[in-house]
Amino acid sequence: MARSTALRRVGLVVLGVNLLLALAKGGVWYLTGSLAVGSEAVNSLADTVYSVVIVAGLYLTTRPPDFEHPHGHERIEPFVGLFVALGIFAAGGAVIWQALTAVLAGPTATTSNPAAVGVLALAAVTKYLLYRYCLRAGEAHRSPALVATALDNRNDILTAVAALGGVVGAALGFPLLDPLAAAVVGIGILYTGVEVVRDNLDYLVGAAPPEDLRAEIVRRALAHPDVEGAHDVIAHYVGPEIDVSLHIEVEGDRTLLEAHDIETAVIESVQELSEVDDVFVHIDPKEAGEWKPDEEVDRLADHGPDPEGRS
């Protein structure tokens, strides 16, 4: 399935599931008056609203390249991820505020209700499945927006379990279990928001990719039999994709056509890595006096698996 089709489908699934959960929780809240279910209904309603933004954002990021955006629109995705992070921070702050308010107010008389327990348990299971679905799609298609959405769904599992714990705790005579558990969950939610911001900032500021990937880029460049060495290898994120530039060292007696073929072969080899978008290669002939040692290239070439076992 094409990346654009897959991402848009996932976005629509997330929107549909959040809308159904908001309606289910709202109905149980109306019938039972459970505050725990009511807060979860509001949470799902907020999820539905931001899911609309995610769907719109994924639609924009998966449009084909055009004259104004010759490299496509994928670079919008980190901004969608940061929007999700804002929602995570808001949810975490709201959960902590409600928890502190409930603790200060003291225990209240609360009764358990099978419908409340059922809808919260269903929400936890549904959110777990949605978390796995979004995470798998986000990692497979290198989508920071979907990975952020997956982490937000993981938060929703925690809030549903906390609400469920509050309902059951009240039935067992321990009403303070609800706000205390919610406070712990709220702290975890805020930490997840920090994770999402950190990951997406790497995409926005052009951070270097993981060392394993940089090492594989160097090994692929050096694998060509006519490449004697490499230096000034730079790999960095441009949105969720990676641009690579490097200098390769070749003997100066190559013809222009031979040098062109070497350059093309190195570019194609590096571009076979699914994370890589553009590759820029500069050829330094020996006689130009531009061959030079590069300790970082030497270190990366020896990093991880034996260079003869390249993938």
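The numbering of the sequence shown is the UniProt record's numbering, which starts it at 1 and goes up by one.
Every residue, glycine too, gets a C-beta built ideally from N, C-alpha and C.
Pairwise C-alpha distance: residue j and residue i
i: Y133; j: L19; result: 17 Å
i: D232; j: E77; result: 29 Å
i: P307; j: K127; result: With a pLDDT of only 42 at P307, under 50, the local geometry of the prediction cannot be trusted, and no value is derived from it.
i: A215; j: V117; result: 51 Å
i: L273; j: V279; result: 11 Å
i: R310; j: D253; result: Legend: pLDDT at R310 = 41, less than 50; position of this residue unreliable, value from coordinates given subsequently. Roughly 28 Å separates the two Cα atoms.
i: G26; j: F174; result: 25 Å
i: Y237; j: L104; result: 47 Å
i: E295; j: N200; result: 30 Å
i: W291; j: D298; result: 14 Å
i: T32; j: I189; result: 27 Å
i: V281; j: R75; result: 23 Å
i: V301; j: T192; result: Inspection of the sequence shows that residue 301 is occupied by Ala rather than by Val. Taking the straight line joining both Cα atoms gives about 35 Å.
For residue i, three-class secondary structure by DSSP
i: L122; result: helix
i: R310; result: Bear in mind that a pLDDT of 41 at R310, under 50, signals an unreliable position, so the number given afterwards is only what the model happens to contain. DSSP places R310 in coil when its eight states are reduced to three.
i: H224; result: coil
i: A105; result: helix
i: D294; result: coil
i: H260; result: helix
i: P114; result: helix
i: F79; result: helix
i: F174; result: coil
i: D302; result: coil
i: T32; result: helix
i: R8; result: helix
i: E211; result: helix
i: A2; result: coil
Beta-carbon proximity check, residue i vs residue j, cutoff 9 Å
i: V227; j: V250; result: yes
i: T155; j: V14; result: Residue 155 is actually Asn in this sequence, not Thr. Taking 9 Å as the Cβ cut-off, N155 and V14 do not qualify as a contacting pair.
i: V196; j: V84; result: yes
i: A157; j: A121; result: Here residue 157 turns out to be Ile, not Ala, going by the sequence shown. Not in contact: I157 and A121 (Cβ atoms no closer than 9 Å).
i: I234; j: I96; result: no
i: A46; j: A91; result: yes
i: L176; j: A102; result: yes
Best match in the options for proximity to residue i [C-alpha to C-alpha]
i: D284; options: V194, L273, H247 and E268; result: H247
i: G16; options: A137, S51 and G33; result: S51
i: V266; options: Y191, P225, G138 and R75; result: P225
i: E40; options: Y30, L12, A160 and E68; result: A160
i: H303; options: I217, L21, E263 and I242; result: I217
i: I88; options: S44, V55 and T255; result: S44
Sheet register partners of residue i (DSSP bridge)
i: Y59; result: Bridge partners of Y59: none, in fact.
i: Y237; result: I242
i: residue 320; result: With the chain covering 1 to 311 only, the question about residue 320 has no answer from this structure.
i: G229; result: E249
i: V13; result: BP columns for V13 are empty, so no partner.
i: residue 313; result: The shown model of the chain, from 1 to 311, leaves out residue 313, and the question about it has no answer.
i: I283; result: I248
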